[in-house]
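Enquirer:
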Amino acid sequence: MAAKTDTTYSVCTICDIGCQLRTEVEDGKVSRVIAHDNPMLANNICFKGVAAPAIHNHEDRLRTPLKRVGKRGEDRWEEISYEQAMDEIAERLKKITDEYGPESFAVSTSGWNTQTTHGTDRRFMNLLGSPNWTSGVSLCAGNTAAVNKLTYGWFPMGDFANTNCIVLFGHNPRKHSWTPIYNQINAARARGAKIIVLDPRVSDQAEDCSLHLRLRAGTDAAMCLGWLKVIFDEELYDKDFVRDWCTGFDELKARVDEYPLERVEEITGVDKELIAEAARMYATADGAIIPWTPITDMQISSTSAIRLHSILRAVTGNLDVVGGETLGGFHEGYIPESEIALHEELSIEQKSKQMGFDDHPVYTYRAAEMLKGPTEKVWGYPYADIVMGCHMANPSNLFRAMATGDPYPIKAFFVLGNNALMSYPNQHQILKAMMNQELIVAHEIFMTPTAMLADYVLPGDVFTERNHIADGWSWATRLTLSQKAVDSPENTTSTFQFWRDLAVRFGFGNRFPWTTLEEMLDYRLSRSGRTFAEFEASAYMEMQTPKFRKYRKTGFATPSGKVELSSSVLEDLGFDPVPYHREGPLPSDEYPYAVFSGVREDPFFQTGQRNIQELRRRCPLPSIFIHPEDATKESLEDGDWVRLETAYGEVTAQLSVQESMKQGHLRVPHGWWYPELRGKVELGGAFLSSDAVLCSDDDEFLDHEQGIPHFKGYPGRLVKTTRPAVFDEWQEAV
Ligand SMILES: Nc1nc2c(c(=O)[nH]1)N[C@H]1C(S)=C(S)[C@@H](COP(=O)(O)OP(=O)(O)OC[C@H]3O[C@@H](n4cnc5c(=O)[nH]c(N)nc54)[C@H](O)[C@@H]3O)O[C@H]1N2
Ligand SMILES: Nc1nc2c(c(=O)[nH]1)N[C@H]1C(S)=C(S)[C@@H](COP(=O)(O)OP(=O)(O)OC[C@H]3O[C@@H](n4cnc5c(=O)[nH]c(N)nc54)[C@H](O)[C@@H]3O)O[C@H]1N2
Ligand code: SF4
Ligand SMILES: [Mo]
Numbered sequence: 016m017a018a019k020t021d022t023t024y025s026v027c028t029i030c031d032i033g034c035q036l037r038t039e040v041e042d043g044k045v046s047r048v049i050a051h052d053n054p055m056l057a058n059n060i061c062f063k064g065v066a067a068p069a070i071h072n073h074e075d076r077l078r079t080p081l082k083r084v085g086k087r088g089e090d091r092w093e094e095i096s097y098e099q100a101m102d103e104i105a106e107r108l109k110k111i112t113d114e115y116g117p118e119s120f121a122v123s124t125s126g127w128n129t130q131t132t133h134g135t136d137r138r139f140m141n142l143l144g145s146p147n148w149t150s151g152v153s154l155c156a157g158n159t160a161a162v163n164k165l166t167y168g169w170f171p172m173g174d175f176a177n178t179n180c181i182v183l184f185g186h187n188p189r190k191h192s193w194t195p196i197y198n199q200i201n202a203a204r205a206r207g208a209k210i211i212v213l214d215p216r217v218s219d220q221a222e223d224c225s226l227h228l229r230l231r232a233g234t235d236a237a238m239c240l241g242w243l244k245v246i247f248d249e250e251l252y253d254k255d256f257v258r259d260w261c262t263g264f265d266e267l268k269a270r271v272d273e274y275p276l277e278r279v280e281e282i283t284g285v286d287k288e289l290i291a292e293a294a295r296m297y298a299t300a301d302g303a304i305i306p307w308t309p310i311t312d313m314q315i316s317s318t319s320a321i322r323l324h325s326i327l328r329a330v331t332g333n334l335d336v337v338g339g340e341t342l343g344g345f346h347e348g349y350i351p352e353s354e355i356a357l358h359e360e361l362s363i364e365q366k367s368k369q370m371g372f373d374d375h376p377v378y379t380y381r382a383a384e385m386l387k388g389p390t391e392k393v394w395g396y397p398y399a400d401i402v403m404g405c406h407m408a409n410p411s412n413l414f415r416a417m418a419t420g421d422p423y424p425i426k427a428f429f430v431l432g433n434n435a436l437m438s439y440p441n442q443h444q445i446l447k448a449m450m451n452q453e454l455i456v457a458h459e460i461f462m463t464p465t466a467m468l469a470d471y472v473l474p475g476d477v478f479t480e481r482n483h484i485a486d487g488w489s490w491a492t493r494l495t496l497s498q499k500a501v502d503s504p505e506n507t508t509s510t511f512q513f514w515r516d517l518a519v520r521f522g523f524g525n526r527f528p529w530t531t532l533e534e535m536l537d538y539r540l541s542r543s544g545r546t547f548a549e550f551e552a553s554a555y556m557e558m559q560t561p562k563f564r565k566y567r568k569t570g571f572a573t574p575s576g577k578v579e580l581s582s583s584v585l586e587d588l589g590f591d592p593v594p595y596h597r598e599g600p601l602p603s604d605e606y607p608y609a610v611f612s613g614v615r616e617d618p619f620f621q622t623g624q625r626n627i628q629e630l631r632r633r634c635p636l637p638s639i640f641i642h643p644e645d646a647t648k649e650s651l652e653d654g655d656w657v658r659l660e661t662a663y664g665e666v667t668a669q670l671s672v673q674e675s676m677k678q679g680h681l682r683v684p685h686g687w688w689y690p691e692l693r694g695k696v697e698l699g700g701a702f703l704s705s706d707a708v709l710c711s712d713d714d715e716f717l718d719h720e721q722g723i724p725h726f727k728g729y730p731g732r733l734v735k736t737t738r739p740a741v742f743d744e745w746q747e748a749v
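Following this note's numbering, the numbering of the sequence shown begins with 16 at its first residue and continues without gaps.
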C-alpha cells in the first residue's frame with residue numbers, strides 16, 4: 016500500500032490510555048505527531064506522544080528477525096528471514112508441546128502497545144490447548160476488572176463529566192501521566208467537584224484537593240472499612256438500593272463493625288475525624304466516583320481493597336447512574352476479543368491446569384467459569400475479557416513452574432510487547448524461569464533485557480504503521496480510529512500477523528480466516544454492517560449512548576443477579592466472602608522503612624523509552640524519594656547515591672529528599688534499565704535499579720485470592736554508596 020502523505024488519526028500506544036492524535040508524514044516518514052483537531056480532545060497529548068516520531072524512526076528499532084547464536088542472555092545474534100524464523104519457531108513449539116503437553120507453552124503480553132492482536136493470541140492458545148496466558152495487566156486494570164466482576168459482574172468507568180466528587184486512592188494523573196484522565200479531573204475540579212485524595216505523599220493531585228488523607232502505604236482496605244463504618248453508622252447509604260439489589264449486607268455490616276474508627280486510625284495513621292469527614296463527603300455527594308487505581312492492584316489486601324471500592328460504589332447508590340459509575344458492557348457494533356478468543360474451545364481439563372487455578376484463582380479461568388452463565392445472560396457473551404485481564408494465569412505460579420517444573424514443566428515462553436523480566440515481582444525467579452526454557456520468542460520494537468534472553472526476536476510494527484479500531488478493551492464503549500500513516504519496515508509484523516502465521520503452520524489456518532488486519536477489522540465490524548473502509552470514511556470516533564440502571568431489566572452479572580456485598584464466588588472458592596484488612600510484612604529494626612513502587616516518571620512508560628534521548632534527557636537517572644527528617648536521621652543528603660536493600664535484593668539510585676514524602680516511607684521507581692549499558696553490563700543493567708528485584712513473591716507477600724504482590728509498603732533500608740562508574744555511560748553517550 017502506498018504511504019499516505021496527508022494527516023491521519025492515530026491512537027497513541029506509548030502508554031495505555033490511548034489518546035487519539037494526528038500523525039503527519041513527509042517523504043514517506045512520520046514527521047510529526049500532534050494533538051487532535053477536535054478542541055475537546057486537543058489537550059490530550061503528553062511529551063511522550065510528541066516524541067513518537069523519534070521512537071518510531073529510531074536507529075535502534077528492531078528491523079530484522081534475530082536468532083540467538085551465543086548462550087542464552089549473551090545477546091549475540093544472527094539475522095534471519097521472517098519465514099525462516101516462523102518455520103523454526105513453529106517446529107520447535109510443536110516438538111515441545113508434543114513432548115510436555117500444550118500447557119507447557121506460556122505467553123506474557125500486555126496488549127495495548129502491540130494493539131492489533133485482537134484476541135488471536137488466546138485463540139491460538141485455546142485451539143492448541145494452553146491456558147497459560149499472563150500479562151502486565153495482572154498488576155494493573157486487568158486484575159481490578161476481574162475482581163470488580165465478583166461484586167456486580169462488570170468493571171465500571173466513572174462518569175467524570177457529570178460527577179460531583181472524585182476519590183483518588185493514590186491515583187495521580189498529571190499533565191504527562193495519563194493526560195486525558197488528568198484533563199477530566201481538572202474539568203471536574205473547575206466545575207466545583209470535590210476531590211478526595213488518599214496518598215501517603217503530597218502528590219500532584221493532593222496539592223489541590225478538598226481533603227487529603229495521608230494513609231500509611233498498604234492500608235487502603237482498612238481505610239475503606241472505616242468509611243463504611245461511618246456510612247453505615249450514620250445511615251448515609253442508599254437503603255432502597257441495598258434492600259432491593261444487594262445480598263450479604265448483614266455479613267458485611269458485621270465485618271465493618273470490627274473496624275471502629277479508633278482502630279482504622281491506628282492502622283492507617285489518619286485522624287479519625289478526617290476519615291469520617293471524607294466518608295461523609297463521598298457518601299453525600301450527588302454523584303461520586305472512585306476511578307480505577309493501580310495502587311490497590313498491587314498490595315497485600317488487594318482483593319479486599321478492590322472489592323471495598325466496588326462495595327462503596329454500590330451502597331452509596333452510585334452504580335450505573337449519571338455522575339456515578341457507568342456499566343457500559345460490550346460495544347454493540349464491534350465483535351469483542353472475548354468472542355474471538357474462543358475460550359469455550361479450551362476444555363475444562365486444560366483450563367484447570369492454568370497456573371494459579373488452585374491456590375490463587377480469582378482472575379483465572381476458575382472464577383471465570385463460575386461467572387460465565389450470569390455474564391452471558393446480562394452482557395451477551397459468556398466470557399468477558401475486560402482490559403484483557405479476566406482469565407489469566409498467575410505470574411508468580413507461572414514463573415515458579417517455568418523455573419522448577421513444579422507442578423508440571425513449562426518449556427516455551429513467548430513474550431510480546433512486554434518486558435517480562437522486569438514487570439512482575441521476584442526478578443531473580445523470572446530470570447531463572449527464562450534460563451530454564453527450551454524456546455523463548457520475543458516480539459518487540461527494541462532490544463530489551465527480556466528480548467536479550469530470547470531464542471528469536473521478531474521486530475514489531477508501531478501504531479503509525481497499522482490500521483486499528485480501539486475499543487478500550489471492552490472497558491469503554493467507544494470506538495476510536497487509528498490509521499496506518501506509513502508502511503512498516505519490510506520484515507516487521509503486527510502481532511495479528513504473527514499469530515496468524517503461526518496458526519497456519521500449526522494447521523489451524525482455517526480458524527484464522529482473515530489474511531490481513533483490515534479483514535479482521537471488517538469482521539469485527541460486520542455485525543453493524545460496515546467495513547473498516549466505511550468506518551474510516553465516516554468517523555474518527557464513535558460513542559454509544561450511555562444507558563443507566565440497566566440492572567432493573569437484566570439484574571447484575573453475578574450468581575445471585577444482585578450486587579454481592581458478601582461474594583458467593585469467593586465463598587465457593589474457599590475464601591472469606593467479605594473484605595478484611597491484612598498487614599503485609601512490617602518494617603523492623605533491620606529494615607526500618609516502608610518501600611513502595613510507583614510515582615511513574617513523566618518521560619517514560621513503564622520499562623520503555625530509556626533509549627530515547629529526547630525523553631531520557633528529562634530524567635537521566637532513577638531516584639529514590641525520602642522525607643527530609645528521615646534523610647537527616649540517616650545522615651544522607653539530596654543527591655547522595657544509595658543502595659536500597661530488602662531481604663530479597665538491592666537497587667542503586669540517587670536520593671531525592673522531598674518534603675512531600677511521608678515519613679517512614681521510601682519510593683522506588685519502576686522500570687529502570689540502561690540501554691546504553693548493553694554489551695557492558697549483564698542484560699543492559701536490568702538488575703541495577705529495578706523495583707522487581709526487591710519484592711518477594713513468597714506467600715507472606717501475596718494477596719491470598721489473586722496471588723499478586725505487595726508493592727505498596729514492604730520493609731527496606733538505605734545504605735550510602737558512591738556513584739557507580741557505570742552510571743557515567745549515559746552522560747558520555749549524549
Ligand atoms: N515490578 C513491577 N512490575 C510491574 C509494575 C510495577 O510497578 N513494578 N507495574 C505494572 C503495571 S501498572 C503495568 S500497566 C504493567 C505494564 O506492563 P507492559 O505494558 O508490558 O510494559 P513493559 O513491561 O514496560 O513492556 C512494554 C514493552 O513493549 C514494547 N513495545 C512498545 N510498543 C510496541 C509495539 O508496538 N509492538 C511491540 N511488539 N512491542 C512494543 C516496549 O519496547 C516495551 O519493551 O507492568 C506491571 N508490572
Ligand atoms: N508518564 C507516565 N505515565 C503513566 C505511566 C508511566 O509509566 N509513565 N504508567 C501508566 C500506568 S500503566 C499506570 S498503572 C498509572 C500509574 O500511575 P498512578 O495511578 O498515578 O500511580 P503511581 O504513579 O504508581 O502512584 C501514585 C501515588 O500512589 C501513592 N501511594 C503509594 N503507596 C500507596 C498506598 O499504599 N496507598 C495509597 N492510597 N497510595 C499510595 C504514591 O505516593 C503516589 O503518589 O500511570 C499511567 N501513566
Ligand atoms: S498520555 Fe501521552 S503517551 Fe499516553 S497515549 Fe496520551 S500522548 Fe500517548
Ligand atoms: Mo498500569
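For every residue, glycine included, the Cβ atom is placed at its ideal position computed from N, Cα and C.
For alanine 427, does the three-state DSSP call read helix, strand or coil?
Expert: Mapped onto the sequence shown, residue 427 falls at position 412. Reduced to three states, the DSSP call for alanine 427 is strand.
Enquirer: Could I get the ranges of all uninterrupted alpha helix (DSSP H) runs contained in the region 49 to 96, with 4 residues as the minimum, in chain order?
Expert: Counting whole runs of 4 or more residues, the region 49 to 96 contains the alpha helix (DSSP H) stretches 62 to 65 and 67 to 71.
Enquirer: Could you say which of Pro504, Ile196 and Thr283 lies nearest to glycine 728 if we only look at CA atoms?
Expert: For the purposes of this step, residue 728 is taken as residue 713 along the sequence shown, with counting starting at 1. Ranking Pro504, Ile196 and Thr283 by Cα distance to glycine 728 puts Thr283 first.
Enquirer: Using beta-carbon positions only, say whether alanine 427 and serine 123 come within less than 8 Å of one another.
Expert: Within the sequence shown, the letter at position 412 stands for residue 427. Within the sequence shown, the letter at position 108 stands for residue 123. Their beta carbons are not under 8 Å apart, which means alanine 427 does not touch serine 123 by this criterion.
Enquirer: Which same chain residues, not among the five before or five after threonine 737, have their C-beta less than 8 Å away from its C-beta?
Expert: Against the sequence shown, residue 737 aligns to sequence position 722. For threonine 737, where only same-chain residues beyond five positions count, the Cβ hits under 8 Å are Trp656.
Enquirer: Since asparagine 451 contacts leucine 532 with CB under 8 Å, what's their CB separation in whole angstroms?
Expert: For this step, residue 451 is matched to residue 436 along the sequence shown. For this step, residue 532 is matched to residue 517 along the sequence shown. With a Cβ gap of about 35 Å, asparagine 451 and leucine 532 do not count as contacting.
Enquirer: Could you tell me if threonine 20 is buried or exposed, where buried requires 16 or more neighbouring beta carbons within 10 angstroms of its beta carbon?
Expert: The residue you call residue 20 lines up with position 5 of the sequence shown. The predicted position of threonine 20 is uncertain, since its pLDDT is 46 and thus under 50; a value taken from the coordinates is nonetheless stated next. The residue in question, threonine 20, is exposed, as its Cβ has fewer than 16 Cβ neighbours within 10 Å.
Enquirer: Give a yes or no on whether the C-beta atoms belonging to proline 275 and lysine 254 are separated by under 8 Å.
Expert: As a first step, residue 275 is located in the sequence shown; it is residue number 260 there, counting from the start. As a first step, residue 254 is located in the sequence shown; it is residue number 239 there, counting from the start. No, Cβ-Cβ distance for proline 275 and lysine 254 is not below 8 Å.
Enquirer: Can you list, in chain order, the residues of its chain whose CB lies under 6 Å from that of glycine 547, leaving out five sequence neighbours each side?
Expert: Indexing the sequence shown from 1 puts residue 547 at position 532. Reading the sequence as shown, one finds phenylalanine at residue 547 and not glycine. Answer for phenylalanine 547: Glu533, Leu536 and Asp537, listed in chain order.
Enquirer: How do the region 321 to 336 and the region 568 to 587 stand: do at least 3 beta-carbon pairs fall below 8 Å, yes or no?
Expert: Output reads yes: the region 568 to 587 touches the region 321 to 336.
Enquirer: Enumerate in chain order the residues of its own chain whose CB-to-CB distance from alanine 18 is below 7 Å, with the five nearest sequence positions on each side excluded.
Expert: Sequence index remark: in the sequence shown, residue 18 carries index 3 (1-based). Any answer about alanine 18 is weak, because its pLDDT of 39 lies below 50 and its placement is not dependable; what the coordinates show is given next. Excluding positions up to five away in sequence, the list reads Val40, Gly43, Val501 and Asp502.
Enquirer: State the start and end residues of the unbroken beta strand (DSSP E) segment that holds tryptophan 656.
Expert: Your numbering for residue 656 matches position 641 in the sequence shown. Element bounds for tryptophan 656: 656 to 660.
Enquirer: If you follow the beta strand (DSSP E) that methionine 462 is in, where does it begin and where does it stop?
Expert: Walking along the sequence shown from the start, residue 462 turns up at place 447. Element bounds for methionine 462: n/a, residue is neither H nor E.
Enquirer: Please name the residue or residues paired with methionine 385 in a DSSP beta bridge.
Expert: Residue 385 sits at position 370 when you count from the first residue of the sequence shown. Answer is none; methionine 385 lacks a bridge partner.
Enquirer: Does the distance from the CB of arginine 597 to the CB of serine 316 come in under 8 Å?
Expert: Counted from its first residue, the sequence shown places residue 597 at position 582. Counted from its first residue, the sequence shown places residue 316 at position 301. Yes, these two residues count as a Cβ contact at 8 Å.
Enquirer: Quick one: grab the DSSP three-state call for arginine 515.
Expert: On the sequence shown, position 500 is the one that residue 515 refers to. Helix.
Enquirer: For valine 610, which residues from the same chain have a beta carbon less than 6 Å from its beta carbon, with the 5 sequence-adjacent residues on both sides left out?
Expert: Mapped onto the sequence shown, residue 610 falls at position 595. If we look at valine 610 and ignore the five residues flanking it on each side, its Cβ neighbours are Leu681, Val683, Tyr729 and Gly731.
Enquirer: Proline 690 to arginine 633, Cα distance in whole Å?
Expert: Locating residue 690 in the sequence shown gives position 675, where the first residue counts as 1. Locating residue 633 in the sequence shown gives position 618, where the first residue counts as 1. Their Cα atoms are separated by approximately 16 Å.
Enquirer: Is there at least one non-hydrogen atom of ligand 3 closer than 7 Å to the beta-carbon of asparagine 141?
Expert: Reading the sequence shown from its first residue, position 126 is the one you call residue 141. No, the Cβ of asparagine 141 stays beyond 7 Å of every heavy atom of ligand 3.
Enquirer: Thinking just about the alpha-carbon of each residue, which of Ile196, His443 and Ala646 is nearest to the one in alanine 662?
Expert: Sequence index remark: in the sequence shown, residue 662 carries index 647 (1-based). Of Ile196, His443 and Ala646, the residue nearest in Cα terms is His443.
Enquirer: In this structure, what does DSSP give as the bridge partners for tyrosine 471?
Expert: Within the sequence shown, the letter at position 456 stands for residue 471. For tyrosine 471, which the question treats as bridged, DSSP gives the partners Lys82 and Val456.
Enquirer: For methionine 558 and glycine 694, what's the separation of their Cα atoms in angstroms?
Expert: Your numbering for residue 558 matches position 543 in the sequence shown. Your numbering for residue 694 matches position 679 in the sequence shown. Answer to the nearest angstrom: the Cα atoms are 48 Å apart.
Enquirer: Please identify the residue among Trp127, Val84 and Pro80 whose C-alpha is closest to the C-alpha of phenylalanine 478.
Expert: Counting from 1 along the sequence shown, the entry for residue 478 is found at position 463. Measuring from the Cα of phenylalanine 478, the nearest candidate turns out to be Trp127.
Enquirer: Report the start-end ranges of each alpha helix (DSSP H) in the region 544 to 604 that is 4 residues or longer and not cut off at the edges.
Expert: Taking only runs of at least 4 residues, the alpha helix (DSSP H) segments lying wholly in the region 544 to 604 are 547 to 553, 566 to 569 and 583 to 587.
Enquirer: Under a three-way DSSP split, which group does methionine 172 fall into?
Expert: As a position in the sequence shown, residue 172 is number 157, starting the count at 1. Three-state result, methionine 172: strand.
Enquirer: Residue range of the beta strand (DSSP E) that serine 317 falls in?
Expert: To locate residue 317, count along the sequence shown from 1; it is residue 302. Per DSSP, serine 317 belongs to no beta strand (DSSP E); it is in the alpha helix (DSSP H), 317 to 330.
Enquirer: Is the beta carbon of alanine 320 closer than 8 Å to that of alanine 382?
Expert: By 1-based counting over the sequence shown, the position of residue 382 is 367. By 1-based counting over the sequence shown, the position of residue 320 is 305. Cβ distance not < 8 Å, so alanine 382 and alanine 320 don't count as in contact.
Enquirer: Apart from the five residues on each side of it in sequence, which residues of its chain come closer than 6 Å, Cβ to Cβ, to methionine 16?
Expert: Here residue 16 refers to the residue found at position 1 of the sequence shown. Reliability of the predicted coordinates at methionine 16 is poor, the pLDDT of 38 falling under 50, and the value obtained from them is presented with this limitation in mind. Contacts found: none.
Enquirer: Suppose you measure from the CA of histidine 458 to the CA of glutamate 715; what does that come to, to the nearest Å?
Expert: The count along the sequence shown starts at 1 and reaches residue 458 at position 443. The count along the sequence shown starts at 1 and reaches residue 715 at position 700. If I take the Cα positions, the gap works out to 34 Å.
Enquirer: Contact between the region 284 to 303 and the region 693 to 710 is defined here as three or more beta-carbon pairs at a separation below 8 Å; is this criterion met?
Expert: No, they do not touch.
Enquirer: Near alanine 57, what residues of its chain come up, given a Cβ to Cβ distance below 7 Å and the 5 sequence neighbours on each side ignored?
Expert: The sequence position of residue 57 within the sequence shown is 42, counting from 1. Contacts found: Ala50 and His51.
Enquirer: Using the Cβ count rule (16 or more neighbours within 10 Å means buried), how would you classify threonine 560?
Expert: In the sequence shown, the residue the question calls residue 560 occupies position 545. Threonine 560 should be labelled exposed.
Enquirer: Using only the heavy atoms of ligand 2, determine whether one of them is closer than 7 Å to the beta carbon of glycine 134.
Expert: As a first step, residue 134 is located in the sequence shown; it is residue number 119 there, counting from the start. For ligand 2, not one heavy atom lies less than 7 Å from the Cβ of glycine 134.
Enquirer: Given threonine 331, which residues of its chain have a CB within under 8 Å of its CB, disregarding the five upstream and five downstream residues?
Expert: Residue numbering aside, residue 331 sits at position 316 when the sequence shown is read from its first letter. These residues qualify, in order along the chain: Ile246, Leu251, Tyr252, Asp253, Tyr297, Ala298 and Ala303.
Enquirer: Which value, in whole angstroms, describes the spacing of the CA atoms of glycine 85 and glycine 116?
Expert: Here residue 85 is taken as the residue at index 70 of the sequence shown, counted from 1. Here residue 116 is taken as the residue at index 101 of the sequence shown, counted from 1. Roughly 28 Å separates the two Cα atoms.
Enquirer: By alpha-carbon positions, which one of Thr495, Arg493, Asn506 and Leu454 ends up nearest to leucine 473?
Expert: Position 458 of the sequence shown, counting from 1, holds the residue named residue 473. The residue with the shortest Cα to Cα distance from leucine 473 is Asn506.
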